[in-house]
Structure formats: C-alpha cells, structure tokens
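Asks:
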Amino acid sequence: MSSVIEAIDVCKTFGEQRVSKNISLKVAEGSIYGLLGPNGAGKTTLIRMLSTITQPDSGSILFCGESLKETHAHQMGYMPEERGLYKKMTVAEQLLFFAELRGLSTRDAQAAVKHWLKRLEMMDWARKKVEEISKGMAQKVQFVSCVLHSPKLLILDEPFSGFDPVNADLIKDLILELKAGGTSVIFSTHRMDNVESLCDHLAIIHQGEKVLDGSVSDIRRNHFTGLFEVGFHSEVDWSVNGVVPHSVAHHSDGKVIYRFQTNEGFSTADLLSAAVAKGGLVHYSEHIPSIHEIFVETVSKGGAAIAL
Amino acid sequence: MRNIFVVFKREYLTRVKNKTFIIMTFLAPLLMVGFYAATIYIATETGEDNRTKTVYLTDYNPSLMLSNNPLANYVFLPAPSSEDSAIADVKSGAVFGWLKVEDLDTRAIDSATYYTSETPSLVEMEGLKEWIKGKANKHQFAKMGLRESQIDSAQASCDILTKEVSNSGDVQESSSTLKSGIGFALAFMIYIFIFVYGSMVMRSAMEEKTNRIVEVIVSSVKPFHLMMGKIFGVAAVGLTQFLAWIVLAVGLVMGISAMFLNSGGGMSTQEAVQKGIEARTGMATVGAMGGDGVQVAASGSQGARDLAAEFTEPLSNLPYVEIIAVFLLFFVGGYLLYSSIFAAIGSAVNQESDVQQFMMPVTLPLVFGFVIAQTVALKAPHGAMAKLFSMIPLTSPIVMVVRAPFGVPLSELALSFGLLVLMFVVMVWLSSRIYRIGILSYGKKPTWKDLWKWLR
Numbered sequence: 000m001s002s003v004i005e006a007i008d009v010c011k012t013f014g015e016q017r018v019s020k021n022i023s024l025k026v027a028e029g030s031i032y033g034l035l036g037p038n039g040a041g042k043t044t045l046i047r048m049l050s051t052i053t054q055p056d057s058g059s060i061l062f063c064g065e066s067l068k069e070t071h072a073h074q075m076g077y078m079p080e081e082r083g084l085y086k087k088m089t090v091a092e093q094l095l096f097f098a099e100l101r102g103l104s105t106r107d108a109q110a111a112v113k114h115w116l117k118r119l120e121m122m123d124w125a126r127k128k129v130e131e132i133s134k135g136m137a138q139k140v141q142f143v144s145c146v147l148h149s150p151k152l153l154i155l156d157e158p159f160s161g162f163d164p165v166n167a168d169l170i171k172d173l174i175l176e177l178k179a180g181g182t183s184v185i186f187s188t189h190r191m192d193n194v195e196s197l198c199d200h201l202a203i204i205h206q207g208e209k210v211l212d213g214s215v216s217d218i219r220r221n222h223f224t225g226l227f228e229v230g231f232h233s234e235v236d237w238s239v240n241g242v243v244p245h246s247v248a249h250h251s252d253g254k255v256i257y258r259f260q261t262n263e264g265f266s267t268a269d270l271l272s273a274a275v276a277k278g279g280l281v282h283y284s285e286h287i288p289s290i291h292e293i294f295v296e297t298v299s300k301g302g303a304a305i306a307l
Numbered sequence: 000m001r002n003i004f005v006v007f008k009r010e011y012l013t014r015v016k017n018k019t020f021i022i023m024t025f026l027a028p029l030l031m032v033g034f035y036a037a038t039i040y041i042a043t044e045t046g047e048d049n050r051t052k053t054v055y056l057t058d059y060n061p062s063l064m065l066s067n068n069p070l071a072n073y074v075f076l077p078a079p080s081s082e083d084s085a086i087a088d089v090k091s092g093a094v095f096g097w098l099k100v101e102d103l104d105t106r107a108i109d110s111a112t113y114y115t116s117e118t119p120s121l122v123e124m125e126g127l128k129e130w131i132k133g134k135a136n137k138h139q140f141a142k143m144g145l146r147e148s149q150i151d152s153a154q155a156s157c158d159i160l161t162k163e164v165s166n167s168g169d170v171q172e173s174s175s176t177l178k179s180g181i182g183f184a185l186a187f188m189i190y191i192f193i194f195v196y197g198s199m200v201m202r203s204a205m206e207e208k209t210n211r212i213v214e215v216i217v218s219s220v221k222p223f224h225l226m227m228g229k230i231f232g233v234a235a236v237g238l239t240q241f242l243a244w245i246v247l248a249v250g251l252v253m254g255i256s257a258m259f260l261n262s263g264g265g266m267s268t269q270e271a272v273q274k275g276i277e278a279r280t281g282m283a284t285v286g287a288m289g290g291d292g293v294q295v296a297a298s299g300s301q302g303a304r305d306l307a308a309e310f311t312e313p314l315s316n317l318p319y320v321e322i323i324a325v326f327l328l329f330f331v332g333g334y335l336l337y338s339s340i341f342a343a344i345g346s347a348v349n350q351e352s353d354v355q356q357f358m359m360p361v362t363l364p365l366v367f368g369f370v371i372a373q374t375v376a377l378k379a380p381h382g383a384m385a386k387l388f389s390m391i392p393l394t395s396p397i398v399m400v401v402r403a404p405f406g407v408p409l410s411e412l413a414l415s416f417g418l419l420v421l422m423f424v425v426m427v428w429l430s431s432r433i434y435r436i437g438i439l440s441y442g443k444k445p446t447w448k449d450l451w452k453w454l455r
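As they're listed, the protein sequences go chains E and U. Heads up: the first sequence at position 142 corresponds to 141 in numbering that gives the first Met the number 0, and the numbers run straight through without jumps. Heads up: the second sequence at position 247 corresponds to 246 in numbering that gives the first Met the number 0, and the numbers run straight through without jumps.
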C-alpha cells in the first residue's frame, strides 16, 4: 500500500539536545498510526516536522511521494497538544478562518462549516463567541477546525488529553469515520487506553529514537513470550513437571489465575493435561502482552540501555 | 500571499466590528476636544489668581507709583511708618503683603522686597517685577524731562510679516507659528498612533501565543506571512480610524460654522480664540499690564482679531498636498517599522508583565524623536540637527513631519523615506526570525541573549 507520509532518517537538534535521532516511519494510506512515548520523548518535535511547522536538520520527509513542501499543508489537518481558539470570535467566523487558511475558497469554506456544525448538532451555537460556549463545546470546535478541509492526513498531538470522556469518545468515533472515508491519521499519545482499539500501526519513541515499530497485532504477537494462563474456581496446589507457577493472581470472585512459562521444560499439552487432572479448570489461554505492558517494558529497557 | 490576506482580513474585521472600536472612534475626538476645552477653561477661568490683594506699598516715588494705572487685582495702601506693625499686619492677615520699593534710580532695581504670608507664584512675581520695571522706566524718562503722555505715545510695538519666495519666484505670505503648530500636531499624532497601533500588533501576537492558537495557524501559514498579515491588518484599522475622524472633523467644522453663521455668533468664536491666546501668553499679559494695563488690554483684543486675520492667508498658502503626503508616507513607514519590532516582542514574551524590559529600548528612540521634534526641529527646521534626525529611520517619522510644513527639498524627502523603507525591510526580516521561534517558545521569560540566539 502506498504511503501518505514517510519520514526518512529525520534528525533535529535544539542547542545541545538531539530531540530526533534518525527517525524513519511510514504511514500507509487510510490507516491510523499511533506514536507512543513518554513525556519528553520527542513526539511533538517529530509531529511538528511532519506538519511543516519546523524543518528537520537532516533526513527527508515525503508527502504522497513528493518532498514535503508548505503547500502540502492544505492537505493536512493538525491539532496540537496545546490548543486554543480566538475568544472574541464567533464559532462560525473562527471555523471559516481556519478553513480559508487551509486553502478553501470562501464559498467552500462556508459550506464545510455548515456541514460540520450540522453534523455535530451545533448550528445553534454558530453565532456565539467562543468565550460564551462551554469548554466541551470549544473542544468540538477545536477538532472540527482541523478537519473542515477534508484533509488527506490528519495529525493529532495528544488528541485525548484535555477532552472530557464524552468528547473523547466522540473524537474517537469521528477519527474512525474519517478513516473509513479514506483519511490517514497520525496521533501521538502517552496513554494506552485508545491505542489498541484505534491504531493499525504504531511506533514507540523514546529519548528521541524510534525503539519499536510495527502493526499492532504483529507487535503483540512478537512480544508473546510463551506465557499461559490457567484459572481455577479456587486455590489449588500444583506444578507441571515440577515447575511451579510463574505468578499467581487472585480475583475478587474467588477465581485464581496461575501463569506458566511454557518454554521452561514442558509443553502446552503437559500444562493442559496437568490442569485438567486437577479439576475445577475454568480458564485457559495464551497471555499476549497488552500494548501498555509492551510500552512499559520497551521504555524501561530503552532507558537502561541509554543509562549504560 | 493569499494567506497574508486571510490573516489581514481576520485582523481587520474582528477589530473594526468590535464595539469598543466603534465607540472609541466616535468618542476619542470628543474626548480630545473636551480635554483641550477643559484645559483652556481651567487656564483662563480658574488658573489665575483672581483674588483682590490689599498690599502695603512703601514707595520711593509715591506720586508715580500710586498715581494712575494700579496693577490689576492689587489695591495698594501706603505702608505704616513702623516696620513692625507692617509685618504684624501681614502676619495677622489684615493685608495680603507688603511691597517695599526703595529705589527707582538705577537700571537694575535690586532693593525691592515683598513680604507675604504665602509664597508668591512665579506668575505673581513676574507681574510685580514687570510693574515695577514699567514704573522705573517712567521714572527715568520723567527725569529726562519727558511727560507721561509723550512716553505713552512713544511706545512702539512690532510685528513681522513673513513672505516666502518660492523657487518659481512666487511670493506668498507665510506664518512660522502656524507651520510650527501644524507640524507639531502631526508629529504628535504619529507619535501617539505608533504607540497605540504598535502595541495593538504586539498584544495580538501575544494573544495568539498565550491562547495557544498560534501553533494551529503556523501549520498552515508561514510565520512571516502571519506577522505581515497582522501588521497590515492593524494598519488598515488605523487608517480606517483616521478616515472616520477626518470625515467626522470636516462634518463637525461645517456643522459648527453653519450654526455660527446663522446665529451671527462669529464674534464669540473670535473671543474664544482670544481667550485661548491670552491663557497661553498669560505671563506676558500680566507683565505687559505693568507698562500700561488698560492700553495693552485694549490692544490685546485688537491683536486677537489681527491674529485671526494674520493666519487666514498663510493658511491658504500652506503646501497641503506635500504635508499630507509626507504625513501619510511617514506615518505608514514609521508604523510598519515599529510595529514589526513590537510584533517580535509580542511573540517572544509569555505574559504582559514581561513586556517592559523589551519595550524600553524600543520606545526610547521614539520618545527621543518626539523630544527632538519639540525642541530642535521647531526652533530650526532647516538646521543640521533637524536634518540629521529626519534622516535616521527610527526618528525620521516624527522629525520629518515637523519639518514638512516649512518646505523640505524633494531630494531630502526621498532619501529619508528610502532609508525608512530600507530599515523597515531589514527590521521585518530580523523580527520575523525572532517571531518564528518566539511564538512556539514557552516556559521561562526570554532574555536578550535568547533573542540574539533566535536571530542567528
């Protein structure tokens, strides 16, 4: 599949600090790409380069195969982490301004504003000044302001931070809707809640470097270490071929989950037959690590590596 | 270019549609007129000390001093013979003061003493001095054998009519007073407007930064385009306001003159003018009273009428086109130059309170230009200093406008304006470098060192 945006060996330095170190990434058309990383990892710097606000010191960025130019900004929507609106302008004026900045003619801009205000049932608020509307409403306006011009690529920096849960869900739905319409999305986050349900592909950035990259299912599959979970109604005293459980978890309903590392001298068949022999088996599954676990593991490993 | 226009449109429309702007456009001229009217009223009606003062006079030549033409507001009584009782009366408030004049024979009178319970004002002292001087003059003339009527008829006064010879050989009546007044008024306007609209640009840049809206904007507009759109947008707001005021002023003047013509109130306007002039030349008037109070007062009102007539012809001879052209060009040039600096400051700081440290050095040349305009340029509009500062771009918008009514050679105007434009281009380039980094820099208060780093 062709890529909508591609970064090749991108580097950026502020003073002494190298904020992006040879980062390469590729966002496939019509996909959602998650940029994960702890605070200060360099996500915003990378995003600003992708959205033409700053230029990389070295390396290149391609937009639909062409070298990234300022004119490409008209095909992008961008919502920064720190965002705001003109307080004294009305909702409609504001949206019109952003649409025109993104290259729409006044007439097209007006039509787009009307469409989106209707879509979000905000027509009654069009003539209200931003300082007169609620914060949640302003958040919707904020999001709409970056999708008015039907961008090919939507870049969102921490889109869920600062949004209330209802609006966060609405934004999530809108992102999926845009994706269905062919828009590609990059978003950064340091929270994992939405990543698995939203992203097709993700990269983890840590201390300016890309430490992990791949499709969500591949990454989770690759991080499968052979850990299995076996659950019983109540506590049992058992081992498999003399190997004791790796860890034990007690659930509030009395269920007890035992985890076994299958590559420690027994097979999954051994594990299952031993479990069945004990009686009272209620649960048996592979333990595929969550993105959260992978993230924590990767980042702590990366940190240690750098510390060395 | 299109984006500059989109930004321009937003800056212009949101400001012009703002209620405060509309109200201020109509209110500001009224406030200004009210301010001057109040000043003139205070100066004429309440500014002077109108109390009638009873003062003892110990007199070297009683026949002369106490004869006719006493000093206005003063009632002189012969002082008691005992010094102690005179001072006691001053102390008790029975009399306002005690003026002792012991000598009228020398040309420099140094033996007059004034005892009062309150420190007399400068104006009062000047008045007394002039009065004594007048009396001394008469005393001296009398000693030479001249009669008082002869002295009065020998008093001369002088007025110089200025006629300017232009390159083409035309001779026209002109007035330095008028030209100074107009030049100064225009310079004052530029000074105020650069401050008002320059800081509007600064606040606008700062608002976008602190609102965090700027990052969204620069993802689709180059910071340079954003800055230029902002500067031009605010300039258009300023010009709109100018235009509104010109229309208002013309309408007001026409309305008022129509009203006065109908009611035959022409004289009262003239009286108002006269009062204003007297207020401004208060010191001289009080002084002149000493020589011959009644006569000067009479000729004063005549003088005001002459003054009005004196300005009519020079007013029609002013190089209006040149003055207006210079004003507009240098206003726009000066505004653009300073507002680009103001924009850079607005982008660099995070909050209003951090502005001060950067404002000082920027406003200094502007204030300096205004001081030069008030002093050097008005005294010697064609002097070397006036010429120099009307060439330096940071002061030229103000100084050149003061010189304009006196006639500045086209070559000088062109050079000065060229330098102004050049400086503007350089400054915009420098400012945009600061702006581009400043708008996305949050956190600690920037220092001059930071700005220098951003420039490079």
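Glycine included, C-beta positions come from ideal geometry on N, C-alpha and C.
Taking the runs of the alpha helix (DSSP H) that are 4 residues or longer, which of them lie wholly in the region 398–454 of chain U?
Replies: Segments of the alpha helix (DSSP H) lying fully in the region 398–454 of chain U: 409–437 and 447–454.
Asks: Quick check on serine 456 of chain U: buried or exposed, where buried means 16 or more other Cβ atoms within 10 Å of its Cβ?
Replies: This structure cannot settle anything about residue 456 of chain U, because the visible part of chain U is limited to 0 through 455.
Asks: Should alanine 111 of chain U be counted as a contact of the ligand SAH given a C-beta to heavy atom distance under 8 Å?
Replies: Here there are no bound small molecules, and the ligand SAH is not part of this structure.
Asks: Looking at C-alpha atoms only, which residue of E:Ala202, E:Tyr283 and E:Val242 is the closest neighbour of glycine 264 of chain E?
Replies: The shortest Cα separation from glycine 264 of chain E among E:Ala202, E:Tyr283 and E:Val242 belongs to E:Val242.
Asks: So if I threshold CB-CB distances at 8 Å, which residues from the region 77–88 of chain E count as touching chain U?
Replies: Hits within the stretch, in order: Tyr77, Met78, Pro79, Glu81, Arg82, Gly83, Leu84, Tyr85, Lys86, Lys87 and Met88.
Asks: Quick one: what's got a C-beta closer than 6 Å to histidine 249 of chain E's C-beta in the same chain, skipping five residues either side?
Replies: Excluding positions up to five away in sequence, the list reads Val255.
Asks: So with Cβ pairs under 9 Å, would you call lysine 448 of chain U a contact of chain E?
Replies: Chain E, which has no Cβ nearer than 9 Å to the Cβ of lysine 448 of chain U, makes this no.
Asks: Can you give me, in chain order, the residues of the region 198–220 of chain U that have a beta carbon less than 9 Å from any beta carbon in chain E?
Replies: Answer in chain order: Glu206, Glu207, Thr209, Asn210, Arg211, Ile212, Val213, Glu214, Val215, Ile216, Val217, Ser218, Ser219 and Val220.
Asks: Please classify lysine 443 of chain U as buried or exposed, where buried requires at least 16 other C-beta atoms within 10 Å of its C-beta.
Replies: Its Cβ having fewer than 16 others within 10 Å, lysine 443 of chain U is exposed.
Asks: Would the beta-carbon of serine 50 of chain E fall within 9 Å of that of glutamate 28 of chain E?
Replies: Not in contact: serine 50 of chain E and glutamate 28 of chain E (Cβ atoms no closer than 9 Å).
Asks: According to the Cβ coordinates, are leucine 201 of chain E and tyrosine 77 of chain E closer than 9 Å?
Replies: No, these two residues do not count as a Cβ contact at 9 Å.
Asks: Does the beta carbon of phenylalanine 62 of chain E sit closer than 9 Å to a beta carbon anywhere in chain U?
Replies: So no, phenylalanine 62 of chain E is outside the interface.
Asks: In angstroms, rounded to a whole number, what distance separates the CA positions of isoleucine 456 of chain U and valine 361 of chain U?
Replies: Past the boundaries of the shown model lies residue 456 of chain U; chain U is included only from 0 to 455, so the question cannot be answered.
Asks: Around the Cβ of histidine 148 of chain E, are there at least 16 other Cβ atoms within 10 angstroms (buried) or fewer (exposed)?
Replies: So histidine 148 of chain E counts as buried.
Asks: So who's on the other strand from cysteine 145 of chain E, going by DSSP bridges?
Replies: The partner list for cysteine 145 of chain E (beta bridge, DSSP) is empty, contrary to what the question assumes.
Asks: Between arginine 1 of chain U and chain E, is the shortest Cβ-Cβ distance under 9 Å, so that the two count as touching?
Replies: Yes, because at least one Cβ of chain E sits closer than 9 Å to the Cβ of arginine 1 of chain U.
Asks: Against chain U, with Cβ distances strictly below 9 Å, would cysteine 10 of chain E count as a contact?
Replies: Chain U contact via Cβ: absent.
Asks: Which of the three DSSP states is assigned to lysine 11 of chain E in this structure?
Replies: Residue state, collapsed to three classes: strand.
Asks: Nearest chain E C-beta to valine 6 of chain U closer than 9 Å, yes or no?
Replies: Yes, valine 6 of chain U counts as interfacial toward chain E.
Asks: Decide if the region 340–351 of chain U is in contact with the region 199–207 of chain U; the criterion is three or more beta carbon pairs, one per stretch, under 8 Å apart.
Replies: Result yes; three or more Cβ-Cβ pairs closer than 8 Å.
Asks: So, helix, strand or coil for serine 30 of chain E, using DSSP?
Replies: Residue state, collapsed to three classes: coil.
Asks: Buried or exposed: where does leucine 70 of chain U fall if 16 or more other Cβ atoms within 10 Å of its Cβ makes it buried?
Replies: Label assigned to leucine 70 of chain U: buried.
Asks: Rounded C-beta distance between glycine 207 of chain E and valine 9 of chain E? I'm assuming under 8 Å.
Replies: So it is not a contact: roughly 10 Å between Cβ atoms.
Asks: Spell out whether any CB of chain U is found under 9 Å from the CB atom of threonine 182 of chain E.
Replies: No, its Cβ sits nowhere closer than 9 Å to a Cβ of chain U.
Asks: Please identify the residue among U:Glu125, U:Arg14, U:Leu439 and U:Val249 whose C-alpha is closest to the C-alpha of threonine 209 of chain U.
Replies: Selected option, being the one with the closest Cα: U:Leu439.
Asks: Check each candidate in U:Thr53, U:Leu30, U:Ala111 and U:Val215 and name the one with the smallest Cα separation from lysine 132 of chain U.
Replies: With distances taken between Cα atoms, lysine 132 of chain U lies closest to U:Ala111.
Asks: So, does the CB of histidine 291 of chain E fall closer than 9 Å to a CB anywhere in chain U?
Replies: Not an interface residue.
Asks: Can you name the residues of chain U whose CB is closer than 7 Å to the CB of alanine 72 of chain E?
Replies: Correct list: Ser218 and Ser219.
Asks: Decide yes or no for the touch test of the region 327–342 of chain U against the region 392–404 of chain U: beta carbon pairs closer than 8 Å, at least 3 of them.
Replies: The region 327–342 of chain U vs the region 392–404 of chain U: in contact.
Asks: Output yes if chain E places a C-beta closer than 9 Å to the C-beta of asparagine 17 of chain U; else output no.
Replies: Yes, asparagine 17 of chain U lies at the interface with chain E (some Cβ there is under 9 Å from its Cβ).
Asks: I'd like to know if methionine 75 of chain E contacts chain U, where contact means its C-beta is closer than 9 Å to some C-beta of that chain.
Replies: It does: the Cβ of methionine 75 of chain E has a partner Cβ on chain U nearer than 9 Å.
Asks: Can you give me the Cβ contacts of asparagine 240 of chain E inside the same chain, cut-off strictly under 7 Å, excluding the 5 residues immediately before and after it?
Replies: Contacts found: Gly264, Phe265 and Asp269.
Asks: Leaving aside the five residues before and after valine 298 of chain E along the sequence, list all residues of the same chain whose C-beta is less than 8 Å from its C-beta, in chain order.
Replies: Gly36, Pro37, Ile203, His205 and Val210, listed in sequence order.
Asks: Is the region 76–94 of chain E close to the region 154–165 of chain E, with three or more CB pairs under 8 Å?
Replies: Contact between the region 76–94 of chain E and the region 154–165 of chain E is present, because at least three Cβ pairs lie under 8 Å.
Asks: Does the distance from the CB of alanine 287 of chain E to the CB of phenylalanine 231 of chain E come in under 9 Å?
Replies: Checking the sequence, you will find isoleucine at residue 287 of chain E rather than alanine. Result no, Cβ atoms of isoleucine 287 of chain E and phenylalanine 231 of chain E do not sit closer than 9 Å.
Asks: Note down, in chain order, every chain U residue with its Cβ under 8 Å from the Cβ of isoleucine 52 of chain E.
Replies: Those are Glu214, Val217, Ser218 and Leu439, listed as they occur along chain U.
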